[in-house]
Amino acid sequence: MDSHRRVVSGMRPTGELHLGHYHGVLKNWVKLQHEFDCFFFIADWHALTTDYETTQGIRASSRRMLIDWLAAGVNPGSTTLFVQSQVPEVAELHLLLSMITPTAWLERVPGYKEMQDKLQDRSQGTYGFLGYPLLQSADILAFRAGVVPVGADQEPHVEMAREVARRFNYLYGRDDGFEAQAEAAIRKLGKKSGALYRQLLTAHQTHGDDDALQTARALVREQGSLTLAEQERLLGYLEGIGKSILPEPQSLLTDTARMPGLDGDKMSKSGHNVILLREEPDDVMRKVRTMQTDPARIRLADAGEPERCPVWQFHELYSDDATRQQVQSKCRGAAWGCLECKQPVIDAIIAEQEPIRERAQQYEENPELLQRIVSDGAEKARDEVRATLNDVREATRLLGI
Ligand code: SF4
Numbered sequence: 000m001d002s003h004r005r006v007v008s009g010m011r012p013t014g015e016l017h018l019g020h021y022h023g024v025l026k027n028w029v030k031l032q033h034e035f036d037c038f039f040f041i042a043d044w045h046a047l048t049t050d051y052e053t054t055q056g057i058r059a060s061s062r063r064m065l066i067d068w069l070a071a072g073v074n075p076g077s078t079t080l081f082v083q084s085q086v087p088e089v090a091e092l093h094l095l096l097s098m099i100t101p102t103a104w105l106e107r108v109p110g111y112k113e114m115q116d117k118l119q120d121r122s123q124g125t126y127g128f129l130g131y132p133l134l135q136s137a138d139i140l141a142f143r144a145g146v147v148p149v150g151a152d153q154e155p156h157v158e159m160a161r162e163v164a165r166r167f168n169y170l171y172g173r174d175d176g177f178e179a180q181a182e183a184a185i186r187k188l189g190k191k192s193g194a195l196y197r198q199l200l201t202a203h204q205t206h207g208d209d210d211a212l213q214t215a216r217a218l219v220r221e222q223g224s225l226t227l228a229e230q231e232r233l234l235g236y237l238e239g240i241g242k243s244i245l246p247e248p249q250s251l252l253t254d255t256a257r258m259p260g261l262d263g264d265k266m267s268k269s270g271h272n273v274i275l276l277r278e279e280p281d282d283v284m285r286k287v288r289t290m291q292t293d294p295a296r297i298r299l300a301d302a303g304e305p306e307r308c309p310v311w312q313f314h315e316l317y318s319d320d321a322t323r324q325q326v327q328s329k330c331r332g333a334a335w336g337c338l339e340c341k342q343p344v345i346d347a348i349i350a351e352q353e354p355i356r357e358r359a360q361q362y363e364e365n366p367e368l369l370q371r372i373v374s375d376g377a378e379k380a381r382d383e384v385r386a387t388l389n390d391v392r393e394a395t396r397l398l399g400i
């Protein structure tokens, strides 16, 4: 398994998905599923870190969210889809990682204090709330995922997973005879590749040459003659940290369009400005028709300015060049009414949603299929995490008597 081809990502089941989720996350997942070995999960444990008192709706939300994913084009034939709590091995890894993670690392995660203030109406002094970034680290490291698709605001969470992996590898990756085993693995590379590895190792360790490190990593990964353990040993040897039992993940910054809400702010459930992914066409029409426009445009004869109008942001996302030019000139020239201007947006959203609604209907009518998708996904996920845990238990010497 090449960790650099593996992606892990999850979503909390906190209600119906909206177009912000579609444009910000799901379209990207659909793309990634053709390029990487993807594991996508319904993060029901994470939902409890803030909403532990209200679990009655969690199952229905999880089911609805799975249908939304599938309807948006996430393909269970290309990805592994599962519910987090159905892979309990991740909890064991979380526990072990909690033993080596300083609490200061958790307290300094950006957003922790703000979130705590925001949720003051509920008691957020829980261990689970403090520890949720570590649970995220366990979610990633359990699958030895090299790639985590995130927005810029979530990058610190991936950084935390990297630090935790580094600390774990440092503490437990130096098994007895590590250097001798690494030397034996270098010999297995053959004369030419072995010499190149040594040259790159020296360049990185004595001169801090990052290019040399990257080249050496690529060299190790493309060696079919090495076992996975030997590859990990050589990768760890490069960085002087011992065997890399838990590979350090990297962020894959998602370059997605910002989805505006009905008021022009970012679309979000808490902002009460959403169009649901499977919103009924009549409701889409009603919501867009009642959207705020340029406040300076009171009468039809008043010239407007698209840059001041939330509807324009929708045109930027949904309309072609010709329509956008028409909007600019007719708005500034007071040549049409706002309802007329909104119609192409309404049509585009409804057209985008039509196949999604149709696919969702098929899944709604087939609960056994949904059950099978997450059962198969959980089995596959458990196999992967069990393999990681075998190495983790061995490295931590938790092997019974
Ligand atoms: S014409 Fe269009 S862009 Fe101009 S204010 Fe009305 S809705 Fe907004």
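0 is the number of the first residue of the sequence shown in numbering that gives the first Met the number 0; add one for each residue after it.
Using N, Cα and C, we set each Cβ at its ideal position, and we do this for glycine too.
On a predicted model such as this, the values are computed, not experimentally measured, just so you know.
Near ligand 1, meaning a Cβ closer than 5 Å to any of its heavy atoms, lie the following residues in chain order: Thr292, Asp293, Arg296, Gly303, Pro305, Cys308, Val310, Trp311, Cys330, Cys337, Cys340. Under the three-state reduction of DSSP output, Thr214 falls in the helix class. For Gly130, the secondary structure class from DSSP, reduced to helix, strand or coil, is helix.
Between the alpha carbons of Tyr362 and Trp68 lies a distance of about 11 Å.
Contact check for Asp262 and Pro294: beta-carbon distance about 12 Å, past the 8 Å limit, so the pair fails to qualify.
When rounded, the separation of the alpha-carbon atoms in Ile57 and Pro12 is 7 Å. Put simply, the backbone Cα of Ile297 is about 19 Å away from that of Gln342.
Rounded to whole angstroms, the gap between the alpha carbons of Gly223 and Glu247 is 21 Å.
With contacts defined as CB atoms closer than 7 Å, Tyr21 and Ala71 qualify as a contacting pair. Judged by DSSP secondary structure, Gly124 falls outside any alpha helix (DSSP H); it is assigned neither H nor E. Look at the beta carbons and you see the stretch 345-363 not touching the stretch 100-119: under three pairs across the two are nearer than 8 Å.
Around the Cβ of Ser243, a 10 Å sphere holds 16 or more other Cβ atoms; the residue is buried. Here Ile41 is not near Ala359, since their CB atoms are 7 Å or more apart. Per DSSP, Pro366 is one residue of the alpha helix (DSSP H) stretching across 366-395. DSSP links Gln249 through a beta bridge to Val146. Ranked by Cα distance from Leu252, the options Ile348, Ala217, Trp28 are led by Trp28.
Contact annotation, His17 with Leu275: C-beta distance approximately 5 Å; criterion of less than 8 Å satisfied. With contact defined as three or more Cβ pairs closer than 8 Å, the stretch 71-88 and the stretch 370-385 are in contact. Gly193 and Leu227 have their alpha carbons spaced roughly 17 Å apart. Burial state of Met98 is exposed, judged by a 10 Å Cβ sphere holding fewer than 16 other Cβ atoms. Residue environment: Asp43 is assigned as buried (16 or more neighbouring CB atoms within 10 Å of its CB, all protein chains considered).
Note on geometry: alpha-carbon atoms of Lys265 and Gly150 lie some 14 Å from one another. Only residues of its own chain outside the window of five on either side were considered, and among them Gly303, Pro305 have a CB closer than 6 Å to the CB of Cys330, listed in chain order.
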